[in-house]
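A.B. asks:
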Amino acid sequence: MKLKSRHLLGLEGMAGDELKLILDTAESFREIIERPIKKVPTLRGMTVLNLFYEPSTRTRISFELAEKRLSADTINFSKSMSSVTKGETLKDTVQNIEALKINMIVIRHSSSGVPYYLTQCTDSNIINAGDGRHEHPTQALLDMFTIRRKYGRLDGLRVVLIGDIKHSRVVRSNIWGLKAMGASVAVCGPSTLLPYEVEKFGVDIYTDLDKAMDGADVVNIMRIQLERQQAGLFPSMREYTNLFGVTRDRLRLLNKNYTIMHPGPINRGVEVTSDVADSKSSVILEQVTNGQAVRMAILYLLSGKKREEGE
Amino acid sequence: MPRKKEEVLLDAQKITRATTRIAHEILEKNSGAENLVIIGILRRGADLAKRIAERIKQIEGVEVPVGLLDINLYRDDFHSRLDQPIVQRTEILFDVVDRNVILVDDVLFTGRTIRAALDAIIDFGRPRSIQLAVLIDRGHRELPIRPDYVGKNIPTSKEDRVLVRLEERDNCEEVIIEIAGLKRKTARSGGRASGKGGKKK
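These protein sequence lines are chains H and G, in that order.
So for the first sequence, numbering that gives the first Met the number 0 puts the first residue at 0; every next one is plus one.
So for the second sequence, numbering that gives the first Met the number 0 puts the first residue at 0; every next one is plus one.
#1: Using a C-beta to C-beta distance shorter than 9 Å, which residues of chain H count as neighbours of G/D82?
#2: Can you tell which of G/R168, G/D122 and G/A52 has its C-alpha closest to the C-alpha of G/I37?
#3: So the alpha helix (DSSP H) H/Q94 belongs to, where does it begin and stop?
#4: Would you please state the rounded distance, in angstroms, between the beta carbons of H/N173 and H/N219? I believe it to be under 8 Å.
#5: Is the beta carbon of H/T46 less than 7 Å from the beta carbon of H/R294?
#6: Which runs of the alpha helix (DSSP H), 4 residues or longer, sit entirely within the region 212-253 of chain H?
#7: List the residues of chain G whose Cβ lies closer than 8 Å to the Cβ of H/R34, in chain order.
#8: Decide if H/A98 is buried, meaning its Cβ has at least 16 other Cβ atoms within 10 Å, or exposed.
#9: From the DSSP output, read off the bridge partner residues of G/V133.
#10: Rounded to whole angstroms, what's the CA-CA distance from H/K178 to H/D216? Just pull it up for me.
#11: Should G/L92 go down as buried or exposed, given a rule of 16 or more other Cβ atoms within 10 Å for buried?
#12: Is the separation between the beta-carbon of H/R247 and that of H/V275 shorter than 7 Å?
#13: For H/P262, which residues in chain G fall below 9 Å Cβ to Cβ?
#14: Name, please, each residue of chain G whose Cβ falls closer than 8 Å to the Cβ of H/S27.
#15: Compare the C-beta of G/L134 against all C-beta atoms of chain H and say whether one is closer than 7 Å.
#16: Reducing DSSP to helix, strand and coil, say where G/D94 ends up.
#17: In three-state terms, what does DSSP make of G/D169?
#18: Measuring only between beta-carbons, confirm whether G/L102 sits less than 7 Å from chain H.
#19: What is the DSSP secondary structure of H/V158, counted as helix, strand or coil?
#20: Quick one: which chain G residues come within Cβ less than 8 Å of H/T240?
#21: Determine the direct distance from the alpha carbon of H/K255 to that of H/V159, and round the result to whole angstroms.
#22: List in chain order: all unbroken alpha helix (DSSP H) runs of 4+ residues lying wholly within the region 130-199 of chain H.
#23: What distance in whole Å lies between the Cβ atoms of H/F243 and H/I161, which are believed to be in contact at a cut-off of 8 Å?
#24: Within the continuous beta strand (DSSP E) that includes H/S77, where are the two ends?
Pasting the structure below:
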């Protein structure tokens with residue numbers, strides 16, 4: 000078994016056995032994080048560029064640590080400190096850095112499709128760390144990994160994704176991944192935050208949170224993207240919290256042994272109350288730890304896949 | 000496809016005798032089972048490690064901790080491979096610091112696997128010693144590595160293939176050698192493994 004592509008652009012169209020390979024490999028890497036010496040020599044001599052055009056705490060640090068734990072050399076690029084401010088284009092920026100001989104690029108960008116664009120103008124392996132509203136595959140993989148670790152499986156579980164379905168790349172990646180692994184997926188949010196043609200995702204759609212949570216095993220709460228709320232997609236934060244905030248009171252609707260997830264950063268008291276976010280059923284910090292193992296697995300599986308073979 | 004000659008080197012009974020003898024030798028050399036830990040290289044080395052620990056328990060009545068080691072992340076042929084080997088889970092749930100580590104593998108060939116395993120173990124701490132036990136030593140070392148305990152020494156050519164099959168995962172119990180190349184009539188040399196041959200596993 001091996002991955003078909005030499006890039007990770009998204010989970011859409013990925014087969015169940017490819018996802019399983021990634022999750023199984025991540026399971027092996029999870030153990031390395033617990034060792035006294037948290038480092039293996041696997042990617043020695045490889046150079047990874049972390050190209051972040053959007054702010055990020057978790058994903059950037061997680062990728063950087065994953066690279067370092069695999070002994071790769073890392074370069075961090077952030078837009079504000081670079082010649083992008085002098086007007087250099089994305090393509091020129093990347094090709095110039097690539098001329099310094101790098102092997103892989105981890106890219107975060109506010110425009111959907113940028114990771115794909117990079118596959119067309121560079122030779123490096125491209126890993127999507129979030130592109131616009133399109134996908135955030137490593138986040139979905141770590142969500143799935145966390146769920147699978149707790150329940151031992153993904154198939155047959157009911158997972159509800161709550162919040163801003165329209166703008167969330169995490170939701171999209173989760174939908175493709177979870178469905179491919181046989182989970183039953185529902186989305187729930189205000190109708191103004193459901194994307195056009197949401198029914199084409201092939202998931203259950205709710206605008207009533209109580210109905211959505213009824214009988215679910217996993218609740219994955221998306222962040223309300225405050226930076227995108229100028230458009231007036233819901234009347235007030237208070238109303239959003241009343242209708243779509245996950246509160247302790249609503250947890251009784253869930254199946255026993257339920258799980259609360261959130262990709263972070265949390266707006267406490269908006270999409271989830273603090274007592275729920277910090278409760279025993281919350282795996283929010285475990286998601287962060289697992290993210291590193293998943294990213295190590297991706298780096299490992301894609302590394303060494305050279306341009307000649309496929310794509 | 001070239002004709003291949005297969006020959007059984009060890010049967011189930013001989014494998015059992017060899018592991019039992021290795022267990023005795025380990026106890027003799029280390030004056031007992033105290034301070035011992037056994038680490039088997041996945042997959043068949045791990046199976047053998049568990050057997051040796053079981054044997055030591057029968058002989059000495061002591062439970063020796065057994066760890067499982069995946070060496071793929073420590074390989075030296077990383078840049079020359081097209082696809083990554085599947086990484087399995089390393090499980091070393093004990094401290095190796097100041098312990099006498101018995102490293103177990105099924106076949107010792109070039110020594111590169113053992114080199115990787117030594118690096119991996121040392122990342123877990125500084126053992127007092129690392130000793131190497133193998134079921135088959137087939138020669139052709141490419142690194143200065145030697146075993147401390149050997150089930151059977153077998154002269155092979157570099158191209159032969161030595162296959163270890165264990166009940167735990169292969170539903171049969173034997174060590175066979177596949178003698179590669181069709182020019183030689185193997186019957187002439189009495190079925191001995193010599194001359195041309197394949198690669199381990």
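Note that the Cβ used here is the ideal one computed from N, Cα and C, for glycine as well.
C.D. replies: Inspection of the coordinates gives the following:
#1: As a working mapping, residue 82 of chain G is identified with position 83 in the second sequence. In chain order: K1, L2, L300, G303, K304 and E308.
#2: If you number the second sequence from 1, residue 37 of chain G lands on position 38. Here the closest residue by C-alpha is G/A52.
#3: On the first sequence, position 95 is the one that residue 94 of chain H refers to. That run of the alpha helix (DSSP H) goes L89 to E97.
#4: Sequence index remark: in the first sequence, residue 173 of chain H carries index 174 (1-based). Sequence index remark: in the first sequence, residue 219 of chain H carries index 220 (1-based). Contact between H/N173 and H/N219 holds, since their C-beta atoms are separated by about 7 Å, short of 8 Å.
#5: As a position in the first sequence, residue 46 of chain H is number 47, starting the count at 1. As a position in the first sequence, residue 294 of chain H is number 295, starting the count at 1. Contact flag unset, no.
#6: Within the region 212-253 of chain H, the complete alpha helix (DSSP H) segments of 4 residues or longer fall at 236-243, listed in chain order.
#7: Start at 1 with the first residue of the first sequence, and residue 34 of chain H comes out as number 35. Per Cβ cutoff of 8 Å: D122 and F123.
#8: Taking the first residue of the first sequence as position 1, residue 98 of chain H is located at position 99. It is exposed - the Cβ of H/A98 has fewer than 16 other Cβ atoms within 10 Å.
#9: Here residue 133 of chain G refers to the residue found at position 134 when the second sequence is read from its first residue. G/D104 and G/V149.
#10: Here residue 178 of chain H corresponds to residue number 179 of the first sequence, with the count starting at 1. Here residue 216 of chain H corresponds to residue number 217 of the first sequence, with the count starting at 1. If I take the Cα positions, the gap works out to 15 Å.
#11: The residue you call residue 92 of chain G lines up with position 93 of the second sequence. Taking all protein chains shown into account, G/L92 has fewer than 16 neighbouring C-beta atoms within 10 Å of its C-beta and is therefore exposed.
#12: By 1-based counting over the first sequence, the position of residue 247 of chain H is 248. By 1-based counting over the first sequence, the position of residue 275 of chain H is 276. For H/R247 and H/V275, yes; Cβs fall inside 7 Å.
#13: Mapped onto the first sequence, residue 262 of chain H falls at position 263. Here the premise fails: no neighbours, minimum Cβ distance about 26 Å.
#14: Numbered from 1 along the first sequence, position 28 holds the residue referred to as residue 27 of chain H. Neighbours of H/S27 on chain G, chain order: D69, V86, Q87, R88 and T89.
#15: Along the second sequence, read from residue 1 onward, the residue named residue 134 of chain G stands at position 135. No, G/L134 lies away from the interface with chain H (no Cβ there is under 7 Å from its Cβ).
#16: For this step, residue 94 of chain G is matched to residue 95 along the second sequence. Reduced to three states, the DSSP call for G/D94 is coil.
#17: Residue numbering aside, residue 169 of chain G sits at position 170 when the second sequence is read from its first letter. In the structure shown, G/D169 sits in a helix (DSSP, three-state: H, G or I).
#18: What you label residue 102 of chain G is simply residue 103 of the second sequence in a count that begins at 1. Using a Cβ-Cβ cut-off of 7 Å, G/L102 does not count as an interface residue toward chain H, since no Cβ of chain H sits closer than that to its own.
#19: Taking the first residue of the first sequence as position 1, residue 158 of chain H is located at position 159. Strand, per DSSP.
#20: For the purposes of this step, residue 240 of chain H is identified with residue 241 of the first sequence, where counting begins at 1. Annotation: H/T240 has no Cβ neighbours in chain G at a cutoff of 8 Å; minimum Cβ distance is about 42 Å.
#21: The residue labelled residue 159 of chain H in the question sits at position 160 within the first sequence. The residue labelled residue 255 of chain H in the question sits at position 256 within the first sequence. Roughly 15 Å separates the two Cα atoms.
#22: Look at the region 130-199 of chain H and you find these whole runs of alpha helix (DSSP H), each 4 residues long or longer: 136-150 and 168-179.
#23: Position 162 of the first sequence holds residue 161 of chain H. Position 244 of the first sequence holds residue 243 of chain H. Their Cβ separation, rounded to whole angstroms, is 6 Å, which keeps H/I161 and H/F243 in contact under 8 Å.
#24: In the first sequence, the residue the question calls residue 77 of chain H occupies position 78. Per DSSP, H/S77 belongs to the beta strand (DSSP E) from D72 to S77.
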